Each structure stands twice: as structure tokens, then as C-alpha cells.
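Worksheet for the structure shown next.
6 protein chains.
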Amino acid sequence: MREIARPDPVATEALGGYGVATVHEAQGRTGLLAAYMRPIYTGAAISGCAVTVLVPPGDNWMLHVAVEVCRPGDVLVVAPSSPCSDGYFGDLLATSLQARGVKALIIDAGVRDVSTLTQMKFPVWSKNIWAQGTVKASLGAVNVPIICAGQRIEPGDVIVADDDGVVAVNRAEAVKIAAASKQRVDAEEEKRKRLASGELGLDLYKMREKLKALGLEYR
Amino acid sequence: MREIARPDPVATEALGGYGVATVHEAQGRTGLLAAYMRPIYTGAAISGCAVTVLVPPGDNWMLHVAVEVCRPGDVLVVAPSSPCSDGYFGDLLATSLQARGVKALIIDAGVRDVSTLTQMKFPVWSKNIWAQGTVKASLGAVNVPIICAGQRIEPGDVIVADDDGVVAVNRAEAVKIAAASKQRVDAEEEKRKRLASGELGLDLYKMREKLKALGLEYR
Amino acid sequence: MREIARPDPVATEALGGYGVATVHEAQGRTGLLAAYMRPIYTGAAISGCAVTVLVPPGDNWMLHVAVEVCRPGDVLVVAPSSPCSDGYFGDLLATSLQARGVKALIIDAGVRDVSTLTQMKFPVWSKNIWAQGTVKASLGAVNVPIICAGQRIEPGDVIVADDDGVVAVNRAEAVKIAAASKQRVDAEEEKRKRLASGELGLDLYKMREKLKALGLEYR
Amino acid sequence: MREIARPDPVATEALGGYGVATVHEAQGRTGLLAAYMRPIYTGAAISGCAVTVLVPPGDNWMLHVAVEVCRPGDVLVVAPSSPCSDGYFGDLLATSLQARGVKALIIDAGVRDVSTLTQMKFPVWSKNIWAQGTVKASLGAVNVPIICAGQRIEPGDVIVADDDGVVAVNRAEAVKIAAASKQRVDAEEEKRKRLASGELGLDLYKMREKLKALGLEYR
Amino acid sequence: MREIARPDPVATEALGGYGVATVHEAQGRTGLLAAYMRPIYTGAAISGCAVTVLVPPGDNWMLHVAVEVCRPGDVLVVAPSSPCSDGYFGDLLATSLQARGVKALIIDAGVRDVSTLTQMKFPVWSKNIWAQGTVKASLGAVNVPIICAGQRIEPGDVIVADDDGVVAVNRAEAVKIAAASKQRVDAEEEKRKRLASGELGLDLYKMREKLKALGLEYR
Amino acid sequence: MREIARPDPVATEALGGYGVATVHEAQGRTGLLAAYMRPIYTGAAISGCAVTVLVPPGDNWMLHVAVEVCRPGDVLVVAPSSPCSDGYFGDLLATSLQARGVKALIIDAGVRDVSTLTQMKFPVWSKNIWAQGTVKASLGAVNVPIICAGQRIEPGDVIVADDDGVVAVNRAEAVKIAAASKQRVDAEEEKRKRLASGELGLDLYKMREKLKALGLEYR
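For the record, the sequence lines run as chains P, Y, X, U, G and C.
So in the working numbering, spot 12 of the first sequence is number 12, and the numbers just go up one at a time.
So in the working numbering, spot 194 of the second sequence is number 194, and the numbers just go up one at a time.
So in the working numbering, spot 204 of the third sequence is number 204, and the numbers just go up one at a time.
So in the working numbering, spot 191 of the fourth sequence is number 191, and the numbers just go up one at a time.
So in the working numbering, spot 155 of the fifth sequence is number 155, and the numbers just go up one at a time.
So in the working numbering, spot 20 of the sixth sequence is number 20, and the numbers just go up one at a time.
Here it is as C-alpha cells:
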């Protein structure tokens, strides 16, 4: 699948700025990939358009096919057809993706050459880090819907990733969720100041009555 | 439970200086939380009085209740009533706790906004990092005994946490264990020097005879 | 077992320079320890001769015995006789090993005092970090073949470890694998340049025909 | 969502007869739920139309809502919005479902009262067995697409489950996959006889040449 | 600790009849051991007084010490001082316990000889089944409070175990919880009949209004 | 590798009779495969000569190659070159192996068609049960040393498997270990009788003095 519809670039960029936790909340606490998806280095925070790849266990051939369909601003999202921890991806593939403007890799499997990837500032969120090599013997698929770390990802979804993990936003919802995220961030600014000054959340959020109604007792 | 007995502040402070491994040994190799409890950033080392919170799975309402009963020098210790990985805690709650002088969070569940928490220098030891949001619908309990990461924690226990993990010291034992820890640290200083100079532990600890008696053979 | 045959020192040094992923590939994608073996700090990259230790669960006595047989340039490789997460190793043992010129520890169990070990620049690859103490009551064995993290290690094997994990090279193969690794690194240099300039792997590796033959379709 | 389109009943029934492994292969090795989904007793083999339920962690209220929309021949498929092991389902809910003709429960969480469920012959495939109770405090959703044990399930999909696990078949594909499954079963009958008589798979499947071409050597 | 206070025998017996799920609910959804504690064969259902044992990892010596303090109707509850999967217990120890009238073993570690134990009808709930042998080199403790599979157990607690897992009831609460369990069972009988006749839980439990108030919509 | 040396048939048969726990103890508590290797049905107990197979992840082609080199009384032992849970093996391969007199399969991966395998009485010890299909695209190796579930297995080793798990005995040691196992079983018979009659292990094994010397106190 060579051509995919890509999400609104302004919304995509904005969603990256709001970060994973905010975006996840803004879309009704949905869209998160599993907690085991961790960045290979801390401090990276990206967003971009998902190019999806389904790979056989222990076989990274389709990654090479996927490179060709990537465009600047894309994020490669990879899932094996059955659970696998092998190191599908290393510094050569990263060099190739970086040359094409790809911003990050999300892979529900292993990654290697992480020291070089860190120097290159090519961020990866993966299930694990492992040098185990892969073969090039069987086909998979590029730009089909996949299940990656427990979340369905369609090609063209917005991917947002930072130190809190990875969240996917449906392409058609990107503008709406960006707006909802902004609203959330704006509202939090005021709350943060009041909490920092020592005001209690119990008062700020007016929780005392509800808690009492449910039966909370102080001793 | 608003009021709890707090441990001796001098002993509490001292225990933090000795660190988790030393304190754990000094109290007879007890008190450690499970190995999966990891800090969100390296280099933090704290001690303080446990304020405990029992929370329902996926519901962080009681954290807001707990904030009110915290005092400067406390450590919030949170356990869900059944296993949960959700991100119960983020930067707003941390702002509130930091405003009240709370030193750290220990949570047998997930945490989020870890990038901001790191900038704020608010340390957290957690089961995992994950942005998954929680609701505010059901009650739990504050300052009751809880099982957190395989260890029973009572409100008022001393919590010591660093890069090696988390250990709890019974409030009534704090002064005694601080003294035993000091003794251990003093004794280790001398050993460290002798080992650094090339002396063997086999000789330093006089192990050769015991090993021979148990049947150790060299070939 | 006091005396072991040690691998070629030049090849051992060279293998460390090539790194885990390259060495693993150069020996036909074999020799890797399990993915859960992680360094206690990033950036360490070592190679050395394996001194092996088989330890009972929760008992680190044999580590003290092993120190005596280590020589400069060795790497201590430790496996428990049944799965264990205890913190077998801390800063005192590290001080002793460092005094003898040992380069690193590989342990299929836990390690503690990681903050001090990091300051000492004594690298450790372990299953986990945990302060849990061990006893000195039962014997094990030094310099026997062991299974460490799913890989058989013989005393005298070359151990290579970096941020990608840990790989073992058979002593008798060290020179051959070092040569094969060099060849691989040299070949990759050219590829990296071409990929960085935007050339596709599909063309560089001449994959298009094979993929078509297997039935790859573009839509 | 009260009303859903249900799959062809004849195909649904037939798919159950072919079993999980055959149906999974017949649809191109897709559709399997994760390996941790195990039956509470061996020997059950069912198929039916998926009624899906999304539940909050530790809250089984929506199961009661879902009962009402079930019809004879349905299979209830339940996934929590974040990972949970609680015992959402027991013998009272099973009594209610059995009274409505529901054939089985598939739940990516825990189940309890398994001794009674076994006596009732109400089969359940679950992540685990555990008595941990749940609350009724928050809403979820019935008959929306869910991710259950790593697989996307839409309401109306055919669910096939037996001792090998659980597979989902897209509603629109049910008739086609039933036909493909039949073809597979018919072809296997002949093979089974020839293999039972001692003929080698290498000859039966004409593999020798391909293996030789790939470089297989005998010694 | 030779002598312990034992719970009321009538309540202990009764709690066994109500089963794990009922007792857990009757005491406010508390007291359950972790979900990984599974019986070695299905259909066993017991209750009895806890005799607790703390054992070092890989060392079963204290089990022999514990046998002496057991009385008819007791249940041996064993936890290692750090996580361990070894097979601490086999048919010889079971023969000895059965000779003393002990009803079952609960162990947060491994068990072996399960085929013989099944024939002997000596039920065991364990973390895993594994033949790995243990040594007799270090001491532990008998009849002290332990944390077993995430739950604190005191000597003299009532242990109830069946196919749903294991629950502990505080000795002093046994009579009260037995009464509460009876009430629950009685109330369920009526509900079971109404549900079996096709009445919906939504109506039986009068949930419709509350669900509507929370915002549940039907489409 | 077509031809392998096979172990003594009388010793092989005898080891099967003694069972996994006894054989493991008789060879100094070594040789066990990991605890996650479980039988697909209870009650099977076998022994035989290991024919080993190394398979790529998700590729079962080499199993077909291995069938040809099996002889009556052999046990097929399969390990993937990196961790994999796929269902490599089903009823057709079992039919073929059973036709050649192979007694069992040991596989550090998944198995499927377990209902049929149970009816055929073809026992399998596996990491998991899962229907996930595999491809036939890449080569592996037959009758080379492998690491299976954490244990090194050489072709020609004796495999013993029952409800307690799987143990391997070195071919050259088989006669010796069979004799040592017999001695153990004979000694246990007497102990079992004395324990059944109520004699305490503390007295039977003369442990009281040693325990006292180590500091055991009764209260």
C-alpha cells in the first residue's frame, strides 16, 4: 500500500506538544499502547503520521519495503504477527529512515544498536532492547491496520510518544483532539498555580461533599 | 485516619543517608519492597514517614484525600486493592504534594508525567510508567496498613528509597536500626580499603577454613 | 578450578570494539544472552575472558571464592542453580574485583549498590536491580560450564557486553569471529553512507526482484 | 448498542466444528487471541456471535447491561479498558447468560466460581482464575469494537474457542472462511492416513528439493 | 513458636463450605492471595488453621521443623524470604503431614511429586509445579506473620482454598465472617432461581435508574 | 546430522520409571528444564533418547526434517533460536512421529491440536498451548546441542518427563544415574513407611542437633 491519507499537519504537530498523557485524556482515556513500550533514551517527545508494518516473527524484510513509502514527518509503527523480542531494527535502517525525514520508530518487538541510535537522536519506543538478529525470508504487509502493543493502529493515525509512552489518535479526529488537548492544558495551568500555593485538590475540585455522600469518614 | 504517630526525625533522616541496602541488612534482611519497584530517574535517595493509601483499581480519588493529611517530610505510599498498572499520579498531584513538603511517592502501580516530575525533582518509585488515566468513583482508605509490592507498610513506618529500591522500617525500630546501620557502614569502610588494596575477601572474612570444611576443592 | 585457558587477548579486545550486535551477527546469529540482561548504566562497552560461577539461590559465597582466580581483563559471569532475583553483588565485591583488574560482572540474578557501582565505573549486566541480601551457607562451583540467561558459557569464552546486551564467543573461535566482525563493520561503513544519502535498501541490497518473486504487490 | 448484525448461523456452527487451529489457518493465520487465554476446563469447543463489552478495571457493572442484549447462540466477549486480573464473572452471571442461551464467555481478565461453572457446563476462556471481587460504579460500553487479548473484536464477529485457544472471524467473511476450513479439513484427512502409515512429510509435501536448494546438508 | 491460638473450629469448617469467592466478598473483598496460586488438581476445597513457615530461597529445612507443631485440621502456609520457584515439598513431607492430620499446603513457591500427591489426595496450592530440589543449610521461622503471595498471614488465621484460589480470614473475625458468608449464600439462592428463570439482573438488582443517572444510553 | 549415539536402552527405560524428581536428585540436582514446561495432559510419564531440533522463530520446517531421523523410543526436543510462543506442532506431525515410534515431544514454544493429541495419547511438554501457525521458509538444524528451556540438551541425552516437568540426563551417565535413582527410591520406601506411621522427619533424619547448633529456638 503505497499511498495513505495523512493527518492534518498542524494538528499533528500540536498534539506532539501536548504530550501523551494530555492527548490520552483529551480523547476520553483511549488510544494508549501497552505500558511495556518504553523509549530507548529519555527526553524524546515526537508526533507524526503512522506508516504501519506487519512483520513475521524474526523477519525484518518488510521494514526495508516500508522505508520507500515513508515521507518526512512520518513515524514507522511495527508489529509482529506473533509475539517476538528480536532486534528487528538497528542503525542502518535508522540512517535510511532519518535520511527520509522519518521522526521515530514504534515497535512491538526488539531494537538494537541503541547506543548509536541515541547518538543519532533517532528515538525508538520498543518492547525491549536486544541484539538478536532477524532474517529476510517471508513477506508481511505495509500500511494495513495492525495491533501494536494492544492498540489498533491504522495507517495515517497520529502517533504521539514521549517518556510516558505512546498514544495513537485517529486521523479524522486529530484536529478535534488537538483542540480538546489545548483546552485541557490551559485549564491545568491555573490549577497548577493554585495547588503550588498550597490549596488542596479537595477544595479546588470541590470533592468534599461527594466523598461525604459516598461515606468517607475521618477519624 | 487523620493523625498518625510519626517516627523519630533524626533516625529517619539518618536512615536515608545509609541507603536501602545497608538498612535492609541492618534489620536482618527484611523490609524490602519487590524488585519491580524502580525510580523514575536515577540518583534520588530519600527517607520519610509513610502516609499510606489503599486505592481501588483504576481509581485515584483517595490520593486527593491523602494529600490533606500529609506533613513536611512524609512519603506517600500507595497500593491498589488488586493489581493495576494505571497512571494514578501525575504532575498536578506532585505539585500539590511538593507544596506540602512531601518528599516522594512510592506506588505499586503506574505513574505519568515523568518528564515533568523529573524536572520538578519529585522522585517516584513505581511498578511502571504509563499514561493510562484513572477515574474518581470509589472510595479506598488512608493511613491503614497496606501490602505494597509484597511488603506490609503501616502508617508511620520509615520509608527509605534509592537506586537499589525501597525498604520499610517499623516506626518503633527506627532508632535501633539507624544505630545498627551506622555500625555496618563504619565496619564497611575499613573493609573497602583493604579490598581496594588487593586483599582477598577469603582472607579478610576468614572464609578459607569454613569452605574447606564444607568440602570445597581446588583443581 | 583455578586455572583456565584464556582467549587471544588481541581478538578479545577487538571484539569489544565491534560491539554485541556485530559480533552476534558475525558468528551466525548465535551466542546472545536473554533480552532481560540489562546494564546498570548506559554507555558501558566491554569485552573480556569469562570466569564462570555457579551459585545456589540466595547464597553468594562462591563469588568470594571466584575473586581469587580472576586476572586482569576477566569478566565474572554468574548464574544461580535455580532462578533467583536476590542482590548477590554490591560495592565491596566490586571494589575487590576492580582491584584485581576485572572489567565487569554478568549475573543472571540481582545486583545492588548500583549508585556506587556507577560512580566506580564498574559495569554490571544483570536480570534486575534489587537490594535483597544473600547468605554464605552452601557451596557452588567456579569455572565450570554454566547456563547464564539462556546461553551456555564456558570458562575462557570471550564476553562482549554493551547497551544492546551480552554475547559470548567460544574461546577457540575468538580470532575467527573477530575477523568476521571486522569484515562486517567495514562493509557497513559504505552502506551507511549510501543509505544516509537517501539510497533505498531495496536497491542497495537488490531486494526488489526477490520480493516480487515471493508475491509482493504494491497498491 | 442494542442491535447488532449477526453472522450466518450455518457458517457459525460449521466454524465451531472445524476448531480454532483450522479456522486460524483458513483465514491466513490471523484472528487469534493471545496464548494466555485458556479454558477453565478442557474439552469445551464452541462457536457463536460476539457480543462485546468494554469494562473499567475492577468494575463489572456493564456485564449486567450486556446480558439484556444477548440472544441464544451468542458469546460474550469482555475486555477491560486497562489490564486487570479481577474476577469479573461468576456463577450468578453465568446462570443468567445460560438462561438466555449464551454459549460461552471470553474475558481478558479473571473469572471465579469455576468449580460451579464447570458443573454447569458453561465454558469460559479467561486470562486467569481469581476470586477478586469487583464494584459497580462506572460505565463502559456494550457492542463497540474492543481489543481483547491482543485481537480486535467487532460485535457480530464469529468467535470460535476450544482447547487450543480463541479465534475471531470477521462477520462478513464467515461463510468464506467456513468453506476454506472445510477444504483444509478434507485435505488433511488423506494426509493423516498417509503419515499414519509411515510416509514421511518430506515426501508427502515434496520438501526435499526445496530444502536442498536452501542449503540443507545431511551428515 | 510451638503454640498458637487456633480459630473457632465450627466457623473454620463452615468457611470451607462457603468457598473462597463467598468468604472474600463477605469480608469486604479482602484477604485473597495472588491469582498465580493454583491448585495442583481441581476439585479440592478445604479450610483450616494456618501454621506459617518462612523459608530461605532454595532451602526447605524449616518445613521439617514445622511438621512437629502441626495438629489435625491445620494448613501449612509457606513463603520464601525472597521469590523462589524451587520444589520445596514432595510426597515424603506430604506423607508426614497427612499422618498428622494436616489438610493442605499453601506455598508461594514450587511443589513436586504432584502425581503422587494427587493420588494421596493431599491438596496443594502453589506458585508453580517444579521438581527443582532444595538444600537444608539455613534457618527460617515457624509461626511468625508472613507475606504469602501478596497477603499477610498470621499463625492461627483461617485458610480457605478451592478452585478459585486461596483466601485468609483473621482468627478473631472467623465467626463473624462465617455468619456473613452464610447470609450471602442464602441471599444468592433466591437470586439464582430468578436469574435461571430468565429475569434480568438489571431488574433484579434495580440497576436501570442508577445506570441512566450516570449517563448510560441505548442506541 | 542423521546418526547419533543412543543411550543404554535398559537405563533409559528405568529412568522413566523413577520419574523426574528422583532422577534430578540422583544426578546432584541438575538437568531440569524450566518450570514453565508443562504437560498438555496429566498422567503422562515417559523417557527416551533426545533427537534435538533448532528452529527459527515462527518456522517449523525443520520438524519435518527431524521426523526422518527419529527411531522408536526417541523423544523430539525442540528449541527456537529466539523466544517464540507459536504453535509449531499439531496432530499431523504427531501422527507421523507416532507412526515412527516416537514417544513424546518437548518444545520450548507452543503446541496446538491438544485435544486430538490427548485422544492420541501423544504427550507433549511445552511452554504454552496456542494455535498460532508457522511458516516453512528458513532452515535450522537437527541433532546439534541446543538450549531448551534453560537446559543444554545434546542429541542422545536421555529425556525423562512427567507431571513434575522435564529432566535431561547425559548419555554417558545414564547407567550410573539409573543406579543412583534406584538407590534413592529404595531408601525412600522405608522412610515413607516411618513417616506415615507418625515418626517425625526431625527424628528420622536426626536434624535436631544440627538445628540447635545453628541457633534454632523454640518458644
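Glycine is no exception: its CB is placed at the ideal position from the N, C-alpha and C atoms.
What you are looking at is a predicted structure, and each value in this text was computed from that prediction instead of being measured.
- A contact is defined here as three or more CB-CB pairs under 8 angstroms, and the segment 6–17 of chain P fails this definition with respect to the segment 113–131 of chain P.
- Our two residues, P39(G) and A109(C), have alpha carbons roughly 24 angstroms apart in a direct line.
- Judged by DSSP secondary structure, R152(G) falls within the beta strand (DSSP E) whose first and last residues are 151–153.
- Between the segment 167–183 of chain U and the segment 149–159 of chain U, the count of C-beta pairs closer than 8 angstroms reaches three or more; the two stretches touch.
- Look at G31(U): its C-beta is not under 8 angstroms from any C-beta on chain P.
- Contact annotation, V114(X) with D59(Y): C-beta distance approximately 34 angstroms; criterion of less than 8 angstroms not satisfied.
- Residue I106(X) holds the alpha-carbon nearest to the alpha-carbon of A34(X) among I106(X), S138(X), E188(X), S197(X).
- Separation of F89(P) and S138(Y) (C-alpha to C-alpha, rounded to the nearest whole angstrom) is 44 angstroms.
- Straight across, the Cα-Cα distance linking C49(U) with G140(U) is about 20 angstroms.
- Closer than 8 angstroms to the CB of S197(G) there is not a single CB belonging to chain X.
- Annotated three-state conformation of P9(U) is helix, per DSSP.
- Proximity of the segment 126–136 of chain X to the segment 58–78 of chain X meets the contact definition, three or more beta-carbon pairs being nearer than 8 angstroms.
- For G48(P), the enclosing beta strand (DSSP E) has its first and last residue at 46–55.
- Rounded to whole angstroms, the Cβ separation of L195(X) and L92(P) is 6 angstroms, and the two are in contact under 8 angstroms.
- Out of K191(U), S181(U), D157(U), the CA that lies nearest to the CA of R29(U) is found in S181(U).
- Going by beta carbons, L76(Y) and I146(Y) fall outside the 8 angstroms limit.
- For H64(C), the nearest beta carbon of chain U is closer than 8 angstroms to its own beta carbon.
- Contact annotation for Q151(G) against chain Y: I147 [CB-CB distance below 9 angstroms, chain order].
- For E209(C), no chain G residue has a C-beta closer than 8 angstroms to its own C-beta; the minimum C-beta separation is roughly 13 angstroms.
- Note that the C-beta distance between N143(X) and I4(X) is below 8 angstroms.
- For E188(G), the nearest CB of chain U lies under 8 angstroms from its own CB, placing it at the interface with that chain.
- C84(Y) belongs to the set of residues whose beta carbon lies under 8 angstroms from a beta carbon in chain U.
- One Cα belongs to L200(U), the other to E189(U), and the distance between them is close to 15 angstroms.
- A residue is called buried when at least 16 other Cβ atoms come within 10 angstroms of its Cβ; R112(C) meets this threshold and is buried.
- Within the same chain, Cβ atoms closer than 7 angstroms to the Cβ of G31(P) are found at H24, Q151, V167, A168, V169, the five residues on either side in sequence being excluded.
- Around the beta carbon of L63(Y), 16 or more other beta carbons lie within 10 angstroms, which makes this residue buried.
- DSSP, read as helix, strand or coil, puts G16(G) in helix.
- Taking 8 angstroms as the cut-off, the beta carbon of G156(U) is found no closer than this to the beta carbon of R2(U).
- Non-local beta-carbon contacts of A21(U) in its own chain, meaning distances under 7 angstroms to residues more than five positions away in sequence, involve D164 in chain order.
- G198(G) and P83(U) have their C-alpha atoms some 32 angstroms from each other.
- Cβ-Cβ separation between L204(C) and K212(C): approximately 17 angstroms, too far for a contact (criterion under 8 angstroms).
- Contact of D157(C) with chain G is not assigned, every C-beta pair being separated by 8 angstroms or more.
- If you ignore the 5 residues before and after K103(U), its C-beta comes within less than 6 angstroms of the C-beta of I46, G48, V75, all in its own chain and listed in chain order.
- Non-local beta-carbon contacts of T42(C) in its own chain, meaning distances under 8 angstroms to residues more than five positions away in sequence, involve D163 in chain order.
- Here the alpha carbon of A187(U) sits roughly 54 angstroms from the alpha carbon of S126(Y).
- Pairing V69(C) with A131(P), the inter-Cα distance amounts to about 33 angstroms.
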